[in-house]
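Enquirer: Those letters in the sequence shown? Residues 12 to 441, per our numbering, in order. Cβ atoms here follow ideal geometry from the backbone N, Cα and C, with glycine treated the same way. Once you've had a glance at the structure underneath, I'll fire off some questions.
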Amino acid sequence: MNWKEIYQQKITTAEEAIKHIQNGQRVAVSHAAGVPQVCIKALCNSSDKFKDVEIYHMLCLGDGEYMYPEKASNFRHITNFVGANSRKAIEENRADFFPAFFHEVPAMIRNKTLKIDVALVQVSEPDENGYCSFGISCDYTKPAAECAPLVIAEVNKQMPYIGGDNLIHVSDLDYIVETDYAPYTLPAAKIGNVEQAIGKNCANLVPNGATLQLGIGAIPDAVLLFLKDKKDLGIHTEMFSDGVMELVKSGVVNGKMKTLHPGKMLATFLMGSKALYDFVDHNPDVEMYPVDYVNNPSVIAQNDNMISINSCIEVDLMGQVVSESIGDRQFSGVGGQVDYVRGASLSKGGKSIMAMPSTARGGASSRIVTRIADGAAVTTSRNEVDYVVTEYGIAHLKGKTLRQRAEALISIAHPDFRDDLLTFYRKKFG
Ligand code: COA
């Protein structure tokens, strides 16, 4: 049988496909903008037919209907990253969070620490050899589809086809639901004066020829704005968004100096506008790999001059970085932050940057603090932190004593909070 015949035999409707999910099973769903929207809707529409189905889903875009209170006995969300639509469910104990480095998730799936019974994924249309692409969500999605005993795939005409290690053959799919809808997009972040100042300070730490990892949001987008005069930058990152596309178009990002995968932009998932999805579709310069490759610190480190730029919630005067919780409230997750801090630290010429506004809550609290909030989780330890950047400047902490770290951090704190920080400093260090 050729692949086209195999494909035809597997076509079904979303309503029929989800009937193969059994009560008590764990379903892994494509990450972030890759959500298989038609099957998730079908699942929610017939929620009364399901009991105790666990849904493993990292960042869940969309309305997260399966987490609604009235569906609590049908579905339970488990995740290692909390987003806007799962935060309430976690706080109200209708969903569960587990701490884990992103790059370790595929191994946990393979060795069944995180056992997956069903992979519910979204893929592109097949190529001429019968391979579909996981498109903008490769991360844990491809490993889950390789390990799960049952694979239900939405083949979406509008999912971009992206290569790398990002393909699955139609013969490895159990049920195919043909769809045609636009994957979720992200609005551009709002960049104000504070973000611009942070972006400028970060850009000063980026040499020509560097390879970059940037996260999502206003700060990474602001950094990109100040890289327009740099030369020969490369991309090896967990995810990227529209700003990177602009730098490729202007010739600043060309991957010429990359020491690993020269000329290629590597990522494990993407979120951005429709223009970004069109840009990556069948683009030979963009390659997606599972997260245990892209985010593996020893792989990241093979890029010389690796610069990682991430954000955080607060930093204490020793340099302990809290990035995922506000007090004991789980706000997000470690994601790839520590993977890249470690990778950049091992890279020849590498640097890792924590970039944050100096204050939070409209200026009411300092993000540079004497002690981290009660119950907060340390994401990047004081032993691993390298540069901390605010709109007031750059504090280089690696190799510095506790006294020097405190001085450097106070010098980039918001002026309104420096006196309080100095009082603590004088008490501690005399
Ligand atoms: N005290 C109290 N509240 C705080 C706070 C603090 N120290 N720091 C932040 N907040 C509040 C903000 O006021 C804001 O509240 P609002 O939504 O009501 O306005 C909210 O927390 C989010 O803060 P903000 O800094 O605007 O968030 P962000 O969208 O820029 O994300 C992180 C920042 C740190 C949450 C995010 O970068 C993250 O999750 N990092 C960890 C994972 C990671 O680094 N991934 C990248 C690898 S690719």
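Going by DSSP, which residues form a beta bridge with histidine 407?
Expert: To locate residue 407, count along the sequence shown from 1; it is residue 396. DSSP output for histidine 407 lists Tyr398 as bridge partner(s).
Enquirer: I think proline 171 touches aspartate 292, with their Cβ atoms under 8 Å apart; what is that distance to the nearest whole Å?
Expert: The sequence position of residue 171 within the sequence shown is 160, counting from 1. The sequence position of residue 292 within the sequence shown is 281, counting from 1. Sure, about 4 Å apart at Cβ, within 8 Å.
Enquirer: State whether the segment 124-137 contacts the segment 320-339, with contact taken as three or more CB pairs (one from each stretch) at a distance under 8 Å.
Expert: Judged by Cβ distances under 8 Å, the segment 124-137 makes no contact with the segment 320-339, as fewer than three pairs qualify.
Enquirer: Quick check on DSSP: helix, strand or coil for valine 162?
Expert: On the sequence shown, position 151 is the one that residue 162 refers to. Strand, per DSSP.
Enquirer: In terms of alpha-carbon separation, which member of Asn177, Ala130, Ile202, Ser84 lies closest to alanine 233?
Expert: Position 222 of the sequence shown, counted from the first residue, corresponds to residue 233. Of Asn177, Ala130, Ile202, Ser84, the residue nearest in Cα terms is Ile202.
Enquirer: What separation, rounded to the nearest whole angstrom, lies between the Cα atoms of isoleucine 120 and methionine 282?
Expert: For the purposes of this step, residue 120 is taken as residue 109 along the sequence shown, with counting starting at 1. For the purposes of this step, residue 282 is taken as residue 271 along the sequence shown, with counting starting at 1. Cα-Cα distance, rounded: 24 Å.
Enquirer: Assuming glutamate 257 and glutamine 224 form a contact by the criterion Cβ under 8 Å, report the distance between their Cβ atoms to the nearest whole angstrom.
Expert: The residue you call residue 257 lines up with position 246 of the sequence shown. The residue you call residue 224 lines up with position 213 of the sequence shown. About 17 Å separates the two Cβ atoms, so there is no contact after all.
Enquirer: Between the Cα of valine 226 and those of Met329, Asn219, Ile246, Lys211, spot the shortest distance and give me the residue it belongs to.
Expert: For the purposes of this step, residue 226 is identified with residue 215 of the sequence shown, where counting begins at 1. Residue 226 is actually glycine in this sequence, not valine. Glycine 226 has its Cα closest to that of Ile246, out of Met329, Asn219, Ile246, Lys211.
Enquirer: From which residue to which residue does the alpha helix (DSSP H) around aspartate 232 run?
Expert: Translated into positions along the sequence shown, residue 232 becomes position 221. Where aspartate 232 is concerned, the enclosing alpha helix (DSSP H) stretches over 229-236.
Enquirer: Let me check understanding here. Comparing Cα to Cα, which of Tyr186, Cys213, Met329 lies closest to arginine 445?
Expert: What is shown of the chain runs 12 to 441, which leaves residue 445 out entirely.
Enquirer: Sorted by chain position, which residues of the same chain lie with C-beta nearer than 8 Å to valine 389's C-beta, five sequence neighbours on each side aside?
Expert: For the purposes of this step, residue 389 is identified with residue 378 of the sequence shown, where counting begins at 1. Same-chain partners within the cutoff: Gln331, Val332, Val333, Ile383.
Enquirer: Under 8 Å by Cβ, that's how I've got serine 358 and asparagine 306 pegged, so tell me the actual separation to the nearest angstrom.
Expert: For this step, residue 358 is matched to residue 347 along the sequence shown. For this step, residue 306 is matched to residue 295 along the sequence shown. No, serine 358 and asparagine 306 are not in contact; Cβ-Cβ is about 14 Å, not under 8 Å.
Enquirer: Hey, alanine 355 and isoleucine 405: beta-carbon distance below 8 Å or not?
Expert: Taking the sequence shown and counting its residues from 1, the one referred to as residue 355 is at position 344. Taking the sequence shown and counting its residues from 1, the one referred to as residue 405 is at position 394. Cβ atoms of alanine 355 and isoleucine 405: not closer than 8 Å.
Enquirer: If you draw a straight line from the C-alpha of tyrosine 288 to the C-alpha of isoleucine 147, how long is it?
Expert: Here residue 288 refers to the residue found at position 277 of the sequence shown. Here residue 147 refers to the residue found at position 136 of the sequence shown. Looking at the two C-alpha atoms, the distance is approximately 8 Å.
Enquirer: In the DSSP assignment, the beta strand (DSSP E) including cysteine 55 goes from what residue to what residue?
Expert: In the sequence shown, counting from the first residue as 1, residue 55 sits at position 44. Element bounds for cysteine 55: not the beta strand (DSSP E) but the alpha helix (DSSP H), 48-56.
Enquirer: Near aspartate 303, what residues of its chain come up, given a Cβ to Cβ distance below 8 Å and the 5 sequence neighbours on each side ignored?
Expert: The count along the sequence shown starts at 1 and reaches residue 303 at position 292. Excluding positions up to five away in sequence, the list reads His114, Glu115, Val116, Pro117, Ala118, Pro154.
Enquirer: Looking at the secondary structure, which residues open and close the beta strand (DSSP E) in which arginine 87 lies?
Expert: By 1-based counting over the sequence shown, the position of residue 87 is 76. Residues 86-90.
Enquirer: Going by CA-CA distance only, name the one from Gln36, Val188, Ala229 that's closest to asparagine 204.
Expert: To locate residue 204, count along the sequence shown from 1; it is residue 193. The candidate whose alpha carbon is nearest that of asparagine 204 is Ala229.
Enquirer: If you draw a straight line from the C-alpha of alanine 387 to the C-alpha of glycine 338, how long is it?
Expert: Position 376 of the sequence shown, counted from the first residue, corresponds to residue 387. Position 327 of the sequence shown, counted from the first residue, corresponds to residue 338. Using only the alpha carbons, I get a separation of about 4 Å.
Enquirer: Answer yes or no: the CB of tyrosine 351 versus the heavy atoms of the ligand COA, is any distance below 7 Å?
Expert: Taking the sequence shown and counting its residues from 1, the one referred to as residue 351 is at position 340. Yes, the ligand COA has a heavy atom inside 7 Å of this Cβ.
Enquirer: Does the distance between the C-beta of arginine 378 and the nearest non-hydrogen atom of the ligand COA fall short of 7 Å?
Expert: Numbered from 1 along the sequence shown, position 367 holds the residue referred to as residue 378. Arginine 378: yes, Cβ under 7 Å from the ligand COA.
Enquirer: If contacts are defined as beta-carbon pairs under 8 Å, then methionine 69 and isoleucine 173 qualify, I think. What distance do you get, rounded to the angstrom?
Expert: As a position in the sequence shown, residue 69 is number 58, starting the count at 1. As a position in the sequence shown, residue 173 is number 162, starting the count at 1. In fact, because the Cβ distance is near 19 Å, the residues do not count as touching under 8 Å.
Enquirer: To the nearest angstrom, report how far apart valine 129 and glutamine 36 are at their CA atoms.
Expert: Here residue 129 is taken as the residue at index 118 of the sequence shown, counted from 1. Here residue 36 is taken as the residue at index 25 of the sequence shown, counted from 1. Near 8 Å, if we compare the C-alpha coordinates of glutamine 36 and valine 129.
Enquirer: Who are phenylalanine 280's beta bridge partners in DSSP?
Expert: As a position in the sequence shown, residue 280 is number 269, starting the count at 1. DSSP lists Ser148, Met250 as partners of phenylalanine 280.
Enquirer: Can you tell me which of Val399, Lys409, Ala278, Lys21 puts its alpha carbon nearest to the alpha carbon of cysteine 213?
Expert: For the purposes of this step, residue 213 is taken as the residue at position 202 of the sequence shown. The option with the nearest alpha carbon to cysteine 213 is Val399.
Enquirer: So which of Phe237, Glu76, Lys60, Asp183 has the shortest CA-CA distance to asparagine 34?
Expert: The residue given as residue 34 occupies position 23 in the sequence shown. Per the Cα distances, Lys60.
Enquirer: Hey, out of Ala25, Pro231, Pro198, Pro218, whose CA is closest to alanine 208's CA?
Expert: For the purposes of this step, residue 208 is taken as residue 197 along the sequence shown, with counting starting at 1. Comparing Cα positions, the closest option is Pro231.
Enquirer: If you draw a straight line from the C-alpha of tyrosine 186 to the C-alpha of phenylalanine 428, how long is it?
Expert: Numbered from its first residue, the sequence shown carries residue 186 at position 175. Numbered from its first residue, the sequence shown carries residue 428 at position 417. Each residue's Cα considered, the two are about 58 Å apart.
Enquirer: Bridge partners for serine 363 per DSSP, in chain order?
Expert: Along the sequence shown, one-based indexing puts residue 363 at 352. The partner list for serine 363 (beta bridge, DSSP) reads Ser319.
Enquirer: How would you label histidine 88, buried or exposed, when you count the other beta carbons within 10 angstroms and need 16 or more for buried?
Expert: Working through the sequence shown from its first residue, we reach residue 88 at position 77. Classification of histidine 88: buried, given that the 10 Å Cβ count is 16 or more.
Enquirer: For a quick check, are the C-beta atoms of isoleucine 17 and leucine 216 less than 8 Å apart?
Expert: Your numbering for residue 17 matches position 6 in the sequence shown. Your numbering for residue 216 matches position 205 in the sequence shown. Against a cut-off of 8 Å, the Cβ pair of leucine 216 and isoleucine 17 comes out as no contact.
Enquirer: Which of the three DSSP states is assigned to glycine 354 in this structure?
Expert: By one-based count along the sequence shown, residue 354 stands at place 343. Glycine 354: helix per DSSP, three-state reduction.
Enquirer: Would you identify the three-state DSSP class for glycine 175, choosing helix, strand or coil?
Expert: Taking the first residue of the sequence shown as 1, we reach residue 175 at position 164. Strand, per DSSP.
Enquirer: Return the CA-CA distance between tryptophan 14 and lysine 21, expressed in angstroms with no decimal places.
Expert: In the sequence shown, counting from the first residue as 1, residue 14 sits at position 3. In the sequence shown, counting from the first residue as 1, residue 21 sits at position 10. About 11 Å.
Enquirer: For phenylalanine 92, which option in Cys71, Lys99, Tyr79, Asn104 has the closest C-alpha, if you only look at C-alpha atoms?
Expert: Your numbering for residue 92 matches position 81 in the sequence shown. Checking every option, the nearest Cα to that of phenylalanine 92 belongs to Cys71.
Enquirer: Using a Cβ-Cβ cut-off of 7 Å (strictly less than) and excluding sequence neighbours within five positions of glutamine 169, which residues of its own chain qualify?
Expert: Taking the first residue of the sequence shown as position 1, residue 169 is located at position 158. Asp191, Tyr192, Ala193, Pro194, listed in sequence order.
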